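This note's numbering applies: residue 3 is where the sequence shown begins, and numbers increase by one.
Here a beta-carbon is modelled for each residue, glycine too, at the ideal position from N, C-alpha and C.
Since the structure is predicted, the reported quantities are computational estimates derived from the model, not experimental observations.
Taking it in order: structure first as structure tokens, then the write-up.
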Amino acid sequence: MSFILDNIFIVLIALISGAMLAWPALNRTRGVKGVDIAEATRLVNREHGVFVDIRNADEFAKGHIPQARNLPLEQIDARAQSLPKNKPLIVVCADGRVSGRAVAQLEAKGFTQVVALREGLKAWTAASLPLSSR
């Protein structure tokens, strides 16, 4: 106990840095079903799923999953009706941190087959999968 009191600043720094390291893992898509790349491509190939890229138009134009639809996060409420309700939707963001919000918004709009791509476009490019800029 005296060690902790004598070195309170070191202990506090260790606790704070540990919390900062754990935060990204805890802040991921909590409660949202996430799929990896293999499951996402299975949904697209076998069940005619649709990739929904929620990044802004400029980021989308720089490179996106081929045949993905661009529906920026801030436009989901206004444009959700343009998405098919009878097909699985795979929500894609840059790194998997924002897609949970989009999944929740789409589920609130009545979409039942909505999942997030774990780690988003970052995982897609890390797997050396193709990108389109059209």
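- About 4 Å separates the beta carbon of residue 70 from that of residue 53, a gap short enough to meet the 8 Å contact definition.
- Within 10 angstroms of the beta-carbon of residue 94 lie 16 or more other beta-carbons, which makes it buried.
- Less than 8 Å divides the Cβ of residue 37 from the Cβ of residue 117.
- When 61, 56, 8 are compared, the shortest CA-CA separation from residue 76 is found for 56.
- The beta carbon of residue 89 is closer than 8 Å to those of 49, 50, 51, 52, 115 in its chain, skipping five residues each way along the sequence.
- As the crow flies, the alpha-carbon of residue 82 is around 14 Å from that of residue 92.
- The C-alpha of residue 9 lies about 23 Å from the C-alpha of residue 24.
- Residue ranges of uninterrupted alpha helix (DSSP H) with 4 or more members, entirely inside the stretch 19-84 and ordered along the chain, are 39-49, 59-64, 78-81.
- Residue environment: residue 73 is assigned as buried (16 or more neighbouring CB atoms within 10 Å of its CB, all protein chains considered).
- Secondary structure note for residue 108: its alpha helix (DSSP H) is the uninterrupted segment 101-110.
- Each residue's CA atom was taken as its position, placing residue 119 and residue 62 some 16 Å apart.
- Counting along the chain, the unbroken beta strand (DSSP E) around residue 91 starts and ends at 91-94.
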